[in-house]
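Worksheet: one structure, shown below.
In full-length UniProt numbering, the protein residues as written are 1 to 221.
As structure tokens, then:
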């Protein structure tokens, strides 16, 4: 097994995302780089590199001449990001050679059936969902497109981390994944893209429910 080593920038990004998930930052507020670098115990240079990277992924907003601020969180922002990812993943399916897509269709169905619980821990759901979509797009030859998709997904992670704890039990989208796989097996690319789009768009209502539950819990404190 290959050992993967994170660069300092990547370590800082990971730590920042963990802190975002823990609710340590106020989304929409300006970032004090001096304070943050002291808290993380790193110099300004790698911190700025991490902030620039996260700004490219939509987690942070870069303001010309004024530094950075945390990108605001809202259901609309999530919905718009999901629309982009859905369109890009459909494009990745279109670009995948038909014979190679047909060849992995049974594996995609196996992946859809491998985790059929209607409810599970959020960390398990997210991990399985990542594996499913990675397999689904694995035959796309456009590396830049896949990198762009991965980058946009990072921005969504802050919603998962901020509103859904790793140990929270959440609803599964097992039937949605099966619909995608069934269409691939039937060699119906149009239906597969429609099912894939529905899978992504339906996540908007799921995260909206999580956001509402989070707001309710805070109001009761």
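Even glycine gets a Cβ: it sits at the ideal position worked out from N, Cα and C.
One Cα belongs to residue 84, the other to residue 205, and the distance between them is close to 16 Å. DSSP, reduced to helix, strand and coil, places residue 208 within a helical segment of the structure shown. Per DSSP, residue 78 is one residue of the alpha helix (DSSP H) stretching across 75-95. Beta-carbon to beta-carbon, residue 67 and residue 33 are separated by about 6 Å, close enough to satisfy the 8 Å threshold. For residue 25, the three-state secondary structure derived from DSSP is coil. Assigned with DSSP and collapsed to three states, residue 30 falls in strand. Residue 52 and residue 154 have their alpha carbons spaced roughly 14 Å apart.
One alpha carbon belongs to residue 28, the other to residue 76, and they sit about 14 Å apart.
Burial state of residue 44 is exposed, judged by a 10 Å Cβ sphere holding fewer than 16 other Cβ atoms.
In this chain, the beta strand (DSSP E) harbouring residue 67 covers 67-70. For residue 145, the CB contacts under 8 Å within the same chain, skipping 5 residues up- and downstream, are 88, 91, 92 and 95 in chain order.
The residue among 70, 9 and 41 with its C-alpha nearest the C-alpha of residue 20 is 70. With a contact defined as Cβ atoms closer than 8 Å, residue 156 and residue 78 qualify at about 7 Å. Under DSSP, residue 62 shares a beta bridge with 68.
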